[in-house]
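Encoded as structure tokens, the structure appears first; notes follow it.
2 protein chains.
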Amino acid sequence: MIRAAVVGYGNIGKFAVQAVQAAPDLELVGVVRRKVEPQELPPELQGLAVVDDVTKLGQVDVALLCVPSRSVPQKARELVELGINTVDSFDIHGESLLSYKREIDAKAKERGAVAVIAAGWDPGTDSVVRALLELMAPRGITFTNFGPGMSMGHSVAAKAVQGVRAALSMTIPAGAGRHRRLVYVELEPGAELAEVEAAIKADPYFAQDETTVYPVESVKDLQDLGHGVLMERVGTSGQTANQRFRWEMRINNPALTAQVMVSAARASLKQQPGAYTLLEIPPIHCLPGDPGELIKRLV
Amino acid sequence: MIRAAVVGYGNIGKFAVQAVQAAPDLELVGVVRRKVEPQELPPELQGLAVVDDVTKLGQVDVALLCVPSRSVPQKARELVELGINTVDSFDIHGESLLSYKREIDAKAKERGAVAVIAAGWDPGTDSVVRALLELMAPRGITFTNFGPGMSMGHSVAAKAVQGVRAALSMTIPAGAGRHRRLVYVELEPGAELAEVEAAIKADPYFAQDETTVYPVESVKDLQDLGHGVLMERVGTSGQTANQRFRWEMRINNPALTAQVMVSAARASLKQQPGAYTLLEIPPIHCLPGDPGELIKRLV
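As structure tokens, then:
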């Protein structure tokens, strides 16, 4: 059995505990979080090892980092330093991802560990679909349309703005890969909506999209974990045009993120030391069971 | 540049030549087929190296095997024996695939070559999608619905039946992963329809499906290369049900097959000696260009 720890116990952490428990080849060693006193534990954590430091859990093969993306690189560094494999769903695309990857790759090679990064559904499995689309039709345009649904990364980013007590960011597809962001905020007493709105719109998470900020009494009443994506490509295979592809999901967002992380945790045990995105891992490594049987059933 | 040869010049071979010519990092060394006299060459092959033996082409890094599936294992053996990488779109799922893989894997390791097998769209990229669906929602059922469209493998199998001059097999989706096969045949003079029909229905390509055989004057008039697939899964991520996924393509069939083979040919140069399905290859290896740029753009 693969000994797995869940680090962080927010939205994704809760589903990660469930996904580890449901996996036939993983064993939940424990949960790492700040609050560890019995009276601070939600019912589902009663009876589990809940600690404030991963070293208190004994041998850990892989840690699922269920902390906000902006805390992921620091947390990954700490774990990899201890020789523990890590999996995260770091969701800041582009240059941030590359520089995080380079840094953790060097550290992982030094410590003989594996870090699987950006292993949620987007980035993550959607990234693999984008690669498939390009290898099938190298010329063409892929549109990734998100939502409607609550974006966890965007909600966390909005909540981090000064004067915001709670936030919920809805992603509304506007077609052809463009999106609108509807950000619902509970303001701290004395906070100025105009300032909060400006700070949210200036954040890199929101700067590219049409963003509207709405003050509300209770963000909680608006919460639903449903989300989805529609990816479309029309492209050319060889010299033949009009090749048409669609990939669509309607899913519970943190449940899918956590499941992909568990599948990536399994794969981490099969890679050489270093850092990997899902693009760099053979898909079969993410599945439990005998490779011959998997090939017979899936190929 | 990767020096690629196309072996076989039927439906897929024609599109493979185009796809190699369109690839930025592959060079078409030549085409291997039986008919090599200038007056036997179609216009698009004029000016290319067309030979009856791959050894006449000089250095070949990878050969795209565009021959019927049933001839693929023998042809792969010959090429791998020469130390040449091979790619095929062998499309007989299940045990046949596994035993072919085992045999060519041993031979490839012995000769320091790589064979990428079953690298079309199904098996091939659809197999990768099936793996993704399971790693995202391990419990559930995936339905693969093909068509409507002409199946090349089934058409070739029907044409191989004694008494059949030409054949076209249409795949009609019947829902929930079931299919009907409509087989249009031109009979040889004196052939008995009833015997032909019985032989087709007994063939492993057709035995599992409801199959109807229609005699026609001209199969050619019915030909269109359009095909497609709709894959659906409803499954459970961790302990969360009702996760919904759809993968749909509407494509020119041999054009897509050939393009996937070209992408797999590129990947073959990045693997250790042995045999691989697309499930066992990191998707990024199938794409041209700098890995860092690909990660930045696709992840």
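Residue numbers (the working numbering), protein chains in the order written: chain A, 1 to 299; chain B, 1001 to 1299.
We put the beta carbon where it would ideally sit given N, CA and C, even for glycine.
In this text the structure is predicted, and so the values were computed from the model without any measurement.
Cross-strand partners of residue 227/A (DSSP beta bridge): In the DSSP secondary-structure assignment, residue 227/A is bridged to 251/A.
Rounded Cβ spacing between residue 82/A and residue 7/A (contact assumed at less than 8 Å): Between residue 7/A and residue 82/A the Cβ distance is about 12 Å, and since that is not below 8 Å, they are no contact.
The region 1237 to 1253 of chain B: positions lying closer than 8 Å to chain A by Cβ: Going along the region 1237 to 1253 of chain B in chain order, one finds 1237, 1238, 1239, 1240, 1242, 1243, 1244, 1245, 1246, 1247, 1248, 1249, 1250, 1251, 1252 with a Cβ nearer than 8 Å to chain A.
Short-range partners of chain B found in the region 140 to 155 of chain A, where Cβ spacing is below 7 Å: Along the region 140 to 155 of chain A, there is no position whose C-beta sits under 7 Å from a C-beta of chain B.
Residues, ordered as in the chain, of the region 90 to 117 of chain A that lie near chain B by beta-carbon distance below 8 Å: So the list reads 93, 94, 95, 97, 98, 101, given in the order they occur along the chain.
Residue 297/A versus residue 1094/B - alpha carbon distance: In a straight line, the C-alpha of residue 297/A is about 7 Å away from that of residue 1094/B.
Within 8 Å, strictly: CB atoms of residue 1121/B and residue 1020/B: No. Outside cutoff.
C-beta neighbour in chain B for residue 299/A, strict 8 Å: Yes, contact with chain B.
Contact set for residue 1228/B: own chain, Cβ-Cβ below 8 Å, skip 5 residues either direction: In its chain, beyond the 5 residues on either side, 1146, 1147, 1148, 1149, 1248, 1249, 1250, 1251 have a beta carbon closer than 8 Å to the beta carbon of residue 1228/B.
Residue 1296/B at chain A interface by Cβ criterion, 8 Å: Output row for residue 1296/B: interface = yes.
Same chain, Cβ closer than 6 Å to residue 205/A, five either side skipped, listed in chain order: Leaving aside the five residues that flank residue 205/A on each side, the residues in its chain whose CB is nearer than 6 Å to its CB run, in chain order, 154, 157.
Alpha-carbon spacing of residue 12/A relative to residue 161/A, whole angstroms: Roughly 21 Å between the two C-alpha positions.
Given residue 91/A as reference, the closest of 111/A, 123/A, 110/A, 61/A once Cα atoms are compared: The residue among 111/A, 123/A, 110/A, 61/A with its C-alpha nearest the C-alpha of residue 91/A is 123/A.
Three-state secondary structure (DSSP) of residue 319/A: With chain A covering only 1 through 299, there is no way to say anything about residue 319/A.
Coil, strand or helix - residue 1261/B by DSSP: Of the three classes helix, strand and coil, the one that applies to residue 1261/B here is helix, per DSSP.
Span separating the alpha-carbon of residue 1137/B from that of residue 194/A: Annotation: residue 1137/B to residue 194/A spans about 42 Å, alpha carbon to alpha carbon.
Neighbourhood of residue 273/A by C-beta, 7 Å cutoff - its chain only, sequence neighbours within 5 removed: Excluding residues within five positions, the ones whose Cβ falls inside 7 Å are 108, 109, 112, 113, 114.
DSSP state of residue 136/A mapped onto helix, strand, coil: The answer is helix: DSSP assigns residue 136/A an H, G or I state.
Beta-carbon separation (whole angstroms), residue 222/A vs residue 246/A, contact threshold 8 Å: Contact doesn't hold; Cβ gap of about 29 Å is too wide.
8 Å Cβ cutoff, residue 1134/B in contact with chain A: So, interface residue.
Alpha helix (DSSP H) segments (min. 4 residues) lying fully within the region 29 to 108 of chain A: Restricting attention to alpha helix (DSSP H) runs no shorter than 4 residues, the region 29 to 108 of chain A encloses them at 72 to 81, ordered along the chain.
Bridge-paired residues (DSSP) for residue 142/A: Bridge partners of residue 142/A: 233/A.
Sequence-distant residues of the same chain with beta carbon closer than 6 Å to residue 17/A, five excluded per side: Excluding residues within five positions, the ones whose Cβ falls inside 6 Å are 6.
Contact set between residue 19/A and chain B, taken where Cβ atoms lie within less than 8 Å: Here the neighbours are 1237, 1238, 1239.
Three-state secondary structure assigned by DSSP to residue 113/A: Coil.
Own chain partners of residue 301/A with C-beta closer than 6 Å, once the 5 adjacent residues on each side are dropped: One cannot answer for residue 301/A here, as it falls past the ends of chain A, which runs 1 to 299.
Spatial distance of residue 89/A from residue 125/A (CA atoms): Going from the Cα of residue 89/A to the Cα of residue 125/A covers about 11 Å.
Residue-level contact to chain A via CB, residue 1292/B, 8 Å cutoff: Chain A contact via Cβ: present.
Chain-ordered neighbours of residue 1071/B on chain A, where CB pairs are closer than 9 Å: Within chain A, no residue comes near residue 1071/B; the closest Cβ sits about 19 Å away, beyond 9 Å.
DSSP three-state assignment for residue 204/A, whether helix, strand or coil: In the structure shown, residue 204/A adopts coil according to DSSP, grouped into three states.
Beta-carbon gap between residue 1045/B and residue 1265/B smaller than 8 Å: Result no, Cβ atoms of residue 1045/B and residue 1265/B do not sit closer than 8 Å.
Exposure of residue 1099/B, with buried meaning 16 or more beta-carbon neighbours within 10 Å: Residue 1099/B is exposed by the Cβ-count criterion.
Where residue 1212/B meets chain A, residues with beta-carbon distance less than 9 Å: Residues of chain A with a Cβ closer than 9 Å to the Cβ of residue 1212/B do not exist, since the nearest Cβ in that chain sits about 28 Å away.
Straight-line Cα distance separating residue 200/A from residue 70/A: Roughly 16 Å separates the two Cα atoms.
Contact with chain A by residue 1125/B, beta-carbon distance below 8 Å: Yes, residue 1125/B counts as interfacial toward chain A.
Buried versus exposed, by CB contacts within 10 Å (16 or more), residue 218/A: Within 10 angstroms of the beta-carbon of residue 218/A lie fewer than 16 other beta-carbons, which makes it exposed.
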